[in-house]
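Everything in the sequence shown is counted per the UniProt record's numbering, starting at 1 for the first residue and increasing by one.
The structure under discussion appears below in the form of structure tokens.
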Amino acid sequence: MKKYAFVLLFILYFLSVIHDGILIAVPLSLVACVVLGLSFQGARTITRTISGILILLSIVLGIVYGMEPASIILGVQQNIPILVLILLAPLIAVPLRLSGYLSSIESVLISQKEKPNRAYGGLLAILFILSPVLNIGAVRLTHEVVKDIGFERSFLGRAYVSGYLSAVVWSPYFASVATVLFMMDVSFSSYVMVGLIFGILQIFISLLLFVSRQSGSEAHGAGLKQNEMHKQDWSNVQRIFLFIVLLMGLLIATERFLPLEMISIITFSTVLIPIVFGVVSGKFGSAIKDMKQTIRTVPGASNETLMFLTAGLFASVMMQTDLNNLLTPYFITIADTSALLLILAIILLTVVLTMIGIHQIIVVPLIMLQVSPEAVGFSPVTMAFVFILAWSLSVITSPISLTNLLVSNILKTRWSIVAFRWNGSYVAVMLIIGVAIALLLRAFSFFS
1 MKKYAFVLLF ILYFLSVIHD GILIAVPLSL VACVVLGLSF QGARTITRTI SGILILLSIV
61 LGIVYGMEPA SIILGVQQNI PILVLILLAP LIAVPLRLSG YLSSIESVLI SQKEKPNRAY
121 GGLLAILFIL SPVLNIGAVR LTHEVVKDIG FERSFLGRAY VSGYLSAVVW SPYFASVATV
181 LFMMDVSFSS YVMVGLIFGI LQIFISLLLF VSRQSGSEAH GAGLKQNEMH KQDWSNVQRI
241 FLFIVLLMGL LIATERFLPL EMISIITFST VLIPIVFGVV SGKFGSAIKD MKQTIRTVPG
301 ASNETLMFLT AGLFASVMMQ TDLNNLLTPY FITIADTSAL LLILAIILLT VVLTMIGIHQ
361 IIVVPLIMLQ VSPEAVGFSP VTMAFVFILA WSLSVITSPI SLTNLLVSNI LKTRWSIVAF
421 RWNGSYVAVM LIIGVAIALL LRAFSFFS
């Protein structure tokens, strides 16, 4: 039942992109409500609790402000584009799996393990390449590859977090980028270079911090000499990188020529690219089979479904009330005092609220509703970067962050150790550099 409800949700969403009308909007909202109800089963207790509170608050606000029941129900559509994208994003990895390139990663990492600095850099590079399209699956896949090599847990914990987060700030297949750009109506092409440069800086920051901790030890395991097989493996990794570059270039070009929102283009790409690959490579049957297997895992994403749909519902109701601008005067006052203080206030508020257990998909959009870029003297791109920066930092420090939960579970250690002992200095440096970039973007926007 749940699987078919999700499939129907996907179909109706794609139809709504092609033809936006009430005949599709109503069934889409009703199916979304069914999916929402079914997702309570299998979700974590804290997720069910927060989602239940958001639904209750949405109903209460709707009654208090005299909203039509239909307008409340239609509000559940608010985050459907983002939810569909996040759930279907794993499909983009189908060509990589069927091409056999992913199997080369293990050999590449093993070939680098004789020197800690090179091994750490290689691990970061692999995650930087895989994460934009595999999302959190990149960490799972990489750990399956390296878990038996003999790396220390702190070594892996630092690399997993920083390597993965380098994609959180720029990849359109992540909720952070997709949500912020979608809500702020910022094109991916105008933002991507800002996020990509910061993502690359994150890799260098993590590598420099790791090198500075080294005491000169070179051994992490027995050395392996470079051979023709390893050269072929490196060639396959380079092909993965080329695939991602071409994919992003295709998305940017498509955004310029098609009258569609970027989030819709990206979502369509998750379905179309595996199919096109299957046709061109002669592996159509295998591609369809792999896609079906991936879609079968979608009903298991109960936590993500609950959070996205209830957060969207609450945000939609909030936008119809005067609470929408409740904190706006305070943010304007802070901005008039100092742009630096405004950036820090947004980041601090996001981090604190996520640390007490509220998910980023709830916190960031609600703060965004209170901060208009024009009102505080920021360009939309600069403001988008600030919110994405806040989101990425809170991913590290939040105890309910999927990243923290995954890394702490696979490394069998507490989330606080992963977040603060292993990655605390990385967070601090990333914060400083991120804020500096935001201030530079704001300064340049005055002269553009």
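Heads up, the beta-carbon is just placed ideally off N, CA and C, and yes, glycines get one too.
Rounded straight-line distance, which links the Cα of LEU130 to that of ALA138: For this step, residue 138 is matched to residue 138 along the sequence shown. For this step, residue 130 is matched to residue 130 along the sequence shown. About 6 Å.
Please classify MET1 as buried or exposed, where buried requires at least 16 neighbouring CB atoms within 10 angstroms. Position 1 of the sequence shown, counted from the first residue, corresponds to residue 1. Exposed.
Throw me the rounded Cβ distance for the ILE197 and ILE433 pair, which I believe falls under 8 Å. Sequence index remark: in the sequence shown, residue 197 carries index 197 (1-based). Sequence index remark: in the sequence shown, residue 433 carries index 433 (1-based). The Cβ separation is near 11 Å, so there is no contact.
For SER264, collect the residues of the same chain with a Cβ closer than 8 Å to its Cβ; drop the 5 residues on either side in sequence, then sort them by chain order. Numbered from its first residue, the sequence shown carries residue 264 at position 264. Apart from the 5 residues on each side of it in sequence, SER264 sits with its Cβ closer than 8 Å to the Cβ of VAL17, PRO81 in its chain, given in chain order.
Rounded to the nearest angstrom, how far is the Cβ of SER71 from that of LEU306, given a contact under 8 Å? Locating residue 71 in the sequence shown gives position 71, counting from the first residue. Locating residue 306 in the sequence shown gives position 306, counting from the first residue. 21 Å between Cβ atoms; not a contact.
Taking VAL161 and VAL371 to be in contact with their CB atoms under 8 Å, please state how far apart those CB atoms are, rounded to whole angstroms. Position 161 of the sequence shown, counted from the start, is the residue given in the question as residue 161. Position 371 of the sequence shown, counted from the start, is the residue given in the question as residue 371. Not quite, the Cβ-Cβ distance comes to about 28 Å (not below 8 Å), so this is no contact.
Between VAL177 and chain D, is the shortest Cβ-Cβ distance under 9 Å, so that the two count as touching? Considering every chain present, this structure includes no chain D. It has just one protein chain.
Would ASN135 and ALA178 be called neighbours here (beta carbons separated by less than 9 Å)? For this step, residue 135 is matched to residue 135 along the sequence shown. For this step, residue 178 is matched to residue 178 along the sequence shown. Not closer than 9 Å, so no.
Can you give the beta carbon distance from ASN117 to VAL211, rounded, assuming they're within the 8 Å contact cut? Position 117 of the sequence shown, counting from 1, holds the residue named residue 117. Position 211 of the sequence shown, counting from 1, holds the residue named residue 211. Indeed, because the Cβ distance is near 6 Å, the residues count as touching under 8 Å.
Measuring straight from C-alpha to C-alpha, what distance separates LEU96 and VAL145? The residue labelled residue 96 in the question sits at position 96 within the sequence shown. The residue labelled residue 145 in the question sits at position 145 within the sequence shown. Taking the straight line joining both Cα atoms gives about 16 Å.
Please give me, in chain order, every unbroken run of the alpha helix (DSSP H) with length at least 4 that falls completely inside the region 246–323. The qualifying runs are 262–281, 284–296, 302–318.
Reduced DSSP secondary structure (H/G/I, E/B, other) of PRO172: Sequence index remark: in the sequence shown, residue 172 carries index 172 (1-based). In this structure, PRO172 counts as coil in the three-state DSSP scheme.
Note down, in chain order, each residue of its chain lying with its Cβ closer than 6 Å to the Cβ of PHE241, except the 5 sequence neighbours on either side. In the sequence shown, the residue the question calls residue 241 occupies position 241. Listed in chain order, the non-local C-beta contacts of PHE241 below 6 Å within the same chain comprise ILE129, local neighbours out to five positions each way being set aside.
Report yes or no: do three or more beta-carbon pairs, one from the region 414–424 and one from the region 308–325, lie closer than 8 Å? Judged by Cβ distances under 8 Å, the region 414–424 makes no contact with the region 308–325, as fewer than three pairs qualify.
Please classify MET193 as buried or exposed, where buried requires at least 16 other C-beta atoms within 10 Å of its C-beta. Within the sequence shown, numbered from 1, the residue matching residue 193 stands at position 193. Here MET193 is exposed, its C-beta having fewer than 16 other C-beta atoms within 10 Å.
Any idea what DSSP makes of THR413, helix, strand or coil? Sequence index remark: in the sequence shown, residue 413 carries index 413 (1-based). Under the three-state reduction of DSSP, THR413 is assigned to coil, being neither helix nor strand.
Just to confirm my understanding: we take LEU12, look at its own chain, exclude 5 residues before and 5 after, and list those with CB closer than 8 Å. What are they? As a first step, residue 12 is located in the sequence shown; it is residue number 12 there, counting from the start. ILE24, PRO27, LEU28, VAL31, listed in sequence order.
Please list the terminal residues of the continuous alpha helix (DSSP H) segment that includes LYS3. Sequence index remark: in the sequence shown, residue 3 carries index 3 (1-based). 2–18 is the span of the alpha helix (DSSP H), which, as asked, contains LYS3.
Taking all protein chains shown into account, do 16 or more other C-beta atoms lie within 10 angstroms of the C-beta of TYR4, making it buried, or fewer, making it exposed? As a working note, residue 4 is residue 4 in the sequence shown. By the neighbour-count rule (16 or more Cβ atoms within 10 Å), TYR4 is not buried but exposed.
Excluding the five sequence neighbours on either side, which residues of its own chain have a C-beta within less than 7 Å of the C-beta of ALA384, listed in chain order? Position 384 of the sequence shown, counted from the first residue, corresponds to residue 384. In the same chain as ALA384, and ignoring 5 residues on each side of it, the C-beta atoms closer than 7 Å to its own belong to VAL180, LEU181, MET184, VAL186, TYR191, in chain order.
Exposure of GLN77, with buried meaning 16 or more beta-carbon neighbours within 10 Å: Here residue 77 refers to the residue found at position 77 when the sequence shown is read from its first residue. With a threshold of 16 other beta carbon atoms within 10 Å, GLN77 meets it and is buried.
Where GLY221 and GLN232 are concerned, what is the direct C-alpha to C-alpha distance, given to the nearest angstrom? Position 221 of the sequence shown, counted from the first residue, corresponds to residue 221. Position 232 of the sequence shown, counted from the first residue, corresponds to residue 232. Interpretation of GLY221 is limited by its pLDDT of 41, a score under 50 that renders its predicted location unreliable; the figure taken from the coordinates is listed afterwards. GLY221 and GLN232 have their C-alpha atoms roughly 22 Å apart.
Taking 8 Å as the cut-off, does the CB of ILE55 come closer than this to any heavy atom belonging to the ligand SAH? The ligand SAH is not part of this structure, which contains no ligands at all.
What first and last residue would you give for the alpha helix (DSSP H) that runs through SER99? Residue 99 sits at position 99 when you count from the first residue of the sequence shown. Where SER99 is concerned, the enclosing alpha helix (DSSP H) stretches over 94–99.
Only counting the same chain, and skipping five residues up and downstream in sequence, which positions put a Cβ closer than 6 Å to that of LEU74? Position 74 of the sequence shown holds residue 74. Excluding sequence neighbours, LEU74 sits near SER29.
Considering only their Cβ atoms, is the gap separating ARG48 from ILE410 smaller than 9 Å? The count along the sequence shown starts at 1 and reaches residue 410 at position 410. The count along the sequence shown starts at 1 and reaches residue 48 at position 48. It is not a contact, given that the beta carbons lie outside the stated cut-off.
Pick out whichever of HIS143, PRO299, ILE346 has its Cα sitting closest to the Cα of VAL34. As a working mapping, residue 34 is identified with position 34 in the sequence shown. Nearest of HIS143, PRO299, ILE346 to VAL34, Cα basis: PRO299.
Minimum C-alpha distance to ILE347 - residue among SER379, LEU313, PHE387, LYS147: Sequence index remark: in the sequence shown, residue 347 carries index 347 (1-based). Checked all of SER379, LEU313, PHE387, LYS147; the closest Cα to ILE347 is PHE387.
Can you tell me which of the three DSSP states HIS143 falls into? For the purposes of this step, residue 143 is taken as the residue at position 143 of the sequence shown. Note: HIS143 maps to helix in three-state DSSP.
Beta-carbon proximity of THR328 to THR397, cut-off 9 Å: The count along the sequence shown starts at 1 and reaches residue 328 at position 328. The count along the sequence shown starts at 1 and reaches residue 397 at position 397. Going by C-beta atoms, THR328 is not nearer than 9 Å to THR397.
Go ahead and label TYR65 buried or exposed: buried means 16 or more other beta carbons lie within 10 angstroms of its beta carbon, across all protein chains shown. The residue labelled residue 65 in the question sits at position 65 within the sequence shown. Label assigned to TYR65: exposed.
Given ALA175 as reference, the closest of LEU85, LEU208, TYR164, GLN238 once Cα atoms are compared: Here residue 175 refers to the residue found at position 175 of the sequence shown. Of LEU85, LEU208, TYR164, GLN238, the residue nearest in Cα terms is LEU85.
Just the C-alpha distance for SER269 and THR333, rounded to the nearest angstrom, thanks. Taking the first residue of the sequence shown as position 1, residue 269 is located at position 269. Taking the first residue of the sequence shown as position 1, residue 333 is located at position 333. One C-alpha to the other measures close to 42 Å.
Alpha-carbon spacing of PHE6 relative to LEU91, whole angstroms: Working through the sequence shown from its first residue, we reach residue 6 at position 6. Working through the sequence shown from its first residue, we reach residue 91 at position 91. Their backbone Cα atoms lie some 15 Å apart in a straight line.
Does the Cβ-Cβ distance between SER154 and TRP422 come in under 9 Å? On the sequence shown, position 154 is the one that residue 154 refers to. On the sequence shown, position 422 is the one that residue 422 refers to. Cβ distance < 9 Å, so SER154 and TRP422 count as in contact.
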